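Heads up, the sequence shown stops at 1159 in our numbering, and the numbers go up one at a time, no gaps. What follows is a set of notes on a single structure, which appears directly below.
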Amino acid sequence: MAGPRILLVEDETSIAEPFARMLEREGFTASVAPTVARALELFAAEEPDLVLLDLNLPDGDGRDVARDIRARSRVPIIMLTARGTETDRVVGLEIGADDYVVKPFSAAEVIARIRAVLRRTAEPLVQEDAAEAEPLEIDELRIDRAARRVFLGEEEIELSRKEYDLLLELASHAGAVVSRDDLMARVWDVNWFGSTKTLDVHIGWLRRKLGDDAASPRWIETVRGIGFRFAAEEGEAP
Ligand code: CA
922 MAGPRILLVE DETSIAEPFA RMLEREGFTA SVAPTVARAL ELFAAEEPDL VLLDLNLPDG
982 DGRDVARDIR ARSRVPIIML TARGTETDRV VGLEIGADDY VVKPFSAAEV IARIRAVLRR
1042 TAEPLVQEDA AEAEPLEIDE LRIDRAARRV FLGEEEIELS RKEYDLLLEL ASHAGAVVSR
1102 DDLMARVWDV NWFGSTKTLD VHIGWLRRKL GDDAASPRWI ETVRGIGFRF AAEEGEAP
């Protein structure tokens, strides 16, 4: 049986070729696209299980590839970014990439990331876990864990996968502080290293969607230097 299909979008053959061979040795099926045009063509033709995406391509910007793919698919996307380009990463995550690795990377590191992302996004696993899960309710907020849907009163809140995971992690510990490290480990990756700026970015989006005010929070309180606390049921001891 063929392993998960990986689309590697990378124009540098010195990276793409050995890395594609490494993926094949690890049991994946790999295709290489050196341009934006070829990436979109191969994506449509092969329906890969995961996309590894370089941002600087000879005929355009990898983020446009991510946007285009995200407009029609929830396929996991891992960006390959250059060192010291935090804005690129934040923008990449904002348009729906699932993770990123910084060049130069080791093949082992990227393969570990691929496996982690595929595990997290494997639907049967999620459904199995969620099938028995009762909705989580805190005042007018309701998280339907079986369907991964969130309601505020009657209104459904549309969340990205990461925003949902972050909300669930915080709301599952409502009334308690969850540390930044724990959030990074549980929502992103146990092997996360480096900047946690992405956490603040996602907290910001989550607050906006919940209509929350960071200065006077109804839902997500910043606990300076430590992490975040989600509001408990009103009237309950914090
Ligand atoms: Ca490149």
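Think of the CB as a built atom: it goes at the ideal place given N, C-alpha and C, for glycine as much as any other residue. Here the structure is a predicted model, which is why all the values come from computation and not from measurement.
By a C-beta neighbour count over all protein chains shown, 10 Å radius and 16 as the cutoff for buried, is residue 1083 buried or exposed?
-> Locating residue 1083 in the sequence shown gives position 162, where the first residue counts as 1. Flag for residue 1083 reads buried.
Buried versus exposed call for residue 1052 [16 or more other C-beta atoms within 10 Å across all chains shown] | Position 131 of the sequence shown, counted from the first residue, corresponds to residue 1052. With a pLDDT of only 49 at residue 1052, under the threshold of 50, the placement of this residue in the model should not be trusted; the figure read from the coordinates follows. When all chains shown are included, residue 1052 counts as exposed.
Hey, would you say the C-beta of residue 1121 is under 7 Å away from at least one heavy atom of ligand 1?
-> Sequence index remark: in the sequence shown, residue 1121 carries index 200 (1-based). Not so, every heavy atom of ligand 1 lies at least 7 Å from the Cβ.
Using 8 Å as the threshold, is the stretch 1024-1044 in touch with the stretch 992-1005, meaning 3 or more CB pairs across them?
-> yes
Nearest-angstrom Cα distance between residue 1133 and residue 1147?
-> For the purposes of this step, residue 1133 is taken as the residue at position 212 of the sequence shown. For the purposes of this step, residue 1147 is taken as the residue at position 226 of the sequence shown. Rounded to whole angstroms, residue 1133 to residue 1147 spans 20 Å at the Cα level.
If you drop the 5 nearest sequence neighbours on each side, which residues of the same chain put their C-beta closer than 7 Å to that of residue 1090?
-> On the sequence shown, residue 1090 is found 169 positions in, with the first residue counted as 1. If we look at residue 1090 and ignore the five residues flanking it on each side, its Cβ neighbours are 1099, 1104, 1107 and 1108.
Through-space distance from residue 1075 to residue 1022, alpha-carbon basis | Translated into positions along the sequence shown, residue 1022 becomes position 101. Translated into positions along the sequence shown, residue 1075 becomes position 154. Distance between the alpha carbons of residue 1022 and residue 1075 is about 39 Å.
Residue 942, enclosing alpha helix (DSSP H) - first and last residue | In the sequence shown, counting from the first residue as 1, residue 942 sits at position 21. First-last of the alpha helix (DSSP H) with residue 942: 934-946.
In the DSSP assignment, find the beta strand (DSSP E) that holds residue 1134 and state where it starts and stops.
-> Position 213 of the sequence shown, counted from the first residue, corresponds to residue 1134. Here residue 1134 belongs to no beta strand (DSSP E), and DSSP marks it neither H nor E.
What is the rounded straight-line gap between the Cα of residue 1067 and the Cα of residue 989?
-> For the purposes of this step, residue 1067 is taken as residue 146 along the sequence shown, with counting starting at 1. For the purposes of this step, residue 989 is taken as residue 68 along the sequence shown, with counting starting at 1. Approximately 29 Å, taken between the alpha carbons.
Whose CB is closer than 5 Å to a heavy atom of ligand 1? List the residues in chain order.
-> 932, 975 and 977
Assigned exposure category for residue 942 - 16 Cβ within 10 Å defines buried | Counting from one through the sequence shown, the residue named residue 942 turns up at place 21. Under this definition residue 942 is an exposed residue.
Buried or exposed: where does residue 1017 fall if 16 or more other Cβ atoms within 10 Å of its Cβ makes it buried?
-> Along the sequence shown, one-based indexing puts residue 1017 at 96. By the neighbour-count rule (16 or more Cβ atoms within 10 Å), residue 1017 is buried.
In chain order, what residues of the same chain have a beta carbon less than 7 Å from the beta carbon of residue 940, not counting five sequence neighbours either side?
-> Position 19 of the sequence shown, counted from the first residue, corresponds to residue 940. Once the five neighbours on either side are set aside, the close Cβ partners of residue 940 are 929 and 1028.
Which stretch, first to last residue, makes up the beta strand (DSSP E) that contains residue 926?
-> Position 5 of the sequence shown holds residue 926. 926-930 is the extent of the beta strand (DSSP E) around residue 926.
Through-space distance from residue 1127 to residue 972, alpha-carbon basis | Here residue 972 refers to the residue found at position 51 when the sequence shown is read from its first residue. Here residue 1127 refers to the residue found at position 206 when the sequence shown is read from its first residue. Cα to Cα, residue 972 sits roughly 25 Å from residue 1127.
Which whole-angstrom value is the C-beta distance of residue 1062 and residue 1080, which I expect to be below 8 Å?
-> Counting from 1 along the sequence shown, the entry for residue 1062 is found at position 141. Counting from 1 along the sequence shown, the entry for residue 1080 is found at position 159. Incorrect: roughly 12 Å between the Cβ atoms, too far for contact.
Hey, how far is the Cα of residue 1154 from the Cα of residue 1130?
-> As a position in the sequence shown, residue 1154 is number 233, starting the count at 1. As a position in the sequence shown, residue 1130 is number 209, starting the count at 1. Each residue's Cα considered, the two are about 19 Å apart.
Measure the Cβ-Cβ separation of residue 1095 and residue 1152 and say whether it is below 8 Å.
-> Position 174 of the sequence shown holds residue 1095. Position 231 of the sequence shown holds residue 1152. Yes.
Assuming residue 967 contacts residue 952 under a Cβ cut-off of 8 Å, what Cβ separation, rounded to an integer in Å, is found between them?
-> Counting from 1 along the sequence shown, the entry for residue 967 is found at position 46. Counting from 1 along the sequence shown, the entry for residue 952 is found at position 31. That belief holds up - the Cβ atoms of residue 967 and residue 952 are roughly 6 Å apart, short of 8 Å.
Which runs of the alpha helix (DSSP H) spanning at least 4 residues fall entirely within the stretch 949-1031, listed in chain order?
-> 957-967, 983-991 and 1007-1015
Option nearest residue 926 by Cα separation, candidates 947, 958, 1119 and 1003 | Within the sequence shown, residue 926 is the residue found at index 5, counting from 1. Of the candidates 947, 958, 1119 and 1003, the one whose C-alpha sits nearest the C-alpha of residue 926 is 947.
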